[in-house]
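One structure below.
Residue numbers (the numbering used here): -3 to 195.
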């Protein structure tokens, strides 16, 4: 395997314990003949996310999985950034929901914090591909939009019910999964990753 490209028949560790992410990436990578193993299935510990950027945290997770398994590893770090909150919750998006993943409380916290007409927001996703020797490549995706209140929609996860992408009247949580996946921050990051590492 050459650095930079994942060839058909290769194995890749997804450095995530999130079943939803595993399903999404397994589907995306199946067309390329890449087998995806998850950190959860391999009982890898989740590293402490101590970096101050999405790229830093994605690299931390990918490198930990690559070094533990001797296989290339892919990690993502993503979150919601709100202009009126100075870019928060940002890298702390999951932490705002607390250990019980209380996203309704986290969404209410955002709405309380805005308290103005400034409702601009964006989702960021950074994908990092790491090799066991410590080489990494990162790819960033972003989707701009605005905060909607009250929350709308039953689909999606996390902050999707309060995020309406630019040019749309529906929140991410009101869209079918395939629709959201076509325009999401993760889709943009994956497209860049695909062009660099798969095609």
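We treat Cβ as the ideally placed atom computed from N, Cα and C, and that holds for glycine.
Please name the residue or residues paired with residue i in a DSSP beta bridge.
i: residue 186; result: Answer by DSSP bridge pairing: none, since residue 186 is not bridged.
i: residue 160; result: 142
i: residue 137; result: 121
i: residue 71; result: 124
i: residue 32; result: 8
i: residue 116; result: 142
i: residue 132; result: 126
i: residue 77; result: 85, 118
From this set, the options, which residue's C-alpha is nearest residue i's C-alpha?
i: residue 59; options: 105, 87, 26, 35; result: 35
i: residue 46; options: 55, 39, 122, 75; result: 55
i: residue 186; options: 97, 74, 99, 93; result: 74
i: residue 125; options: 24, 57, 20; result: 57
i: residue 72; options: 164, 179, 149, 13; result: 13
i: residue 43; options: 64, 30, 31; result: 64
i: residue 41; options: 62, 48, 173; result: 62
i: residue 87; options: 49, 79, 18; result: 49
i: residue 66; options: 53, 85, 129; result: 129
i: residue 161; options: 180, 97, 91, 173; result: 180
Kindly give me the distance between the Cβ atoms of residue i and residue j, rounded to whole angstroms, as I take these residues to be in contact under 8 Å.
i: residue 11; j: residue 70; result: 7 Å
i: residue 138; j: residue 120; result: 5 Å
i: residue 51; j: residue 76; result: Not a contact, Cβ separation roughly 17 Å.
i: residue 79; j: residue 114; result: 6 Å
Can you name, in chain order, every residue of its own chain whose Cβ lies under 8 Å from the Cβ of residue i, other than the five neighbours on each side?
i: residue -3; result: Residue placement at residue -3 cannot be trusted, given a pLDDT of 44 that sits under 50; the coordinates are not used to answer.
i: residue 16; result: 153
i: residue 147; result: 100, 103, 157, 158, 167, 169
i: residue 183; result: 137, 177
i: residue 83; result: 77
Taking 6 Å as the limit between beta carbons, can you name the residues of its chain near residue i, skipping five residues before and five after?
i: residue 191; result: none
i: residue 99; result: 93, 154
i: residue 135; result: 123, 185, 188, 189
i: residue 32; result: 8, 10, 21, 22, 25
i: residue 151; result: 169
i: residue 164; result: none
i: residue 18; result: 10, 34
i: residue 30; result: 2, 6, 8
i: residue 133; result: 125
Excluding the 5 residues preceding and the 5 following residue i in the sequence, name in chain order all residues of the same chain whose CB lies nearer than 7 Å to its CB.
i: residue 194; result: 2, 28
i: residue 171; result: 151
i: residue 53; result: 45, 47, 73, 87
Compute every distance between the C-beta of residue i and the non-hydrogen atoms of the ligand ATP, then say whether any falls below 6 Å.
i: residue 65; result: The ligand ATP is absent from the structure shown, which contains no ligands of any kind.
Inter-stretch contact (C-beta, 8 Å, three-pair minimum) for the stretch 143 to 157 and the stretch 100 to 110:
yes
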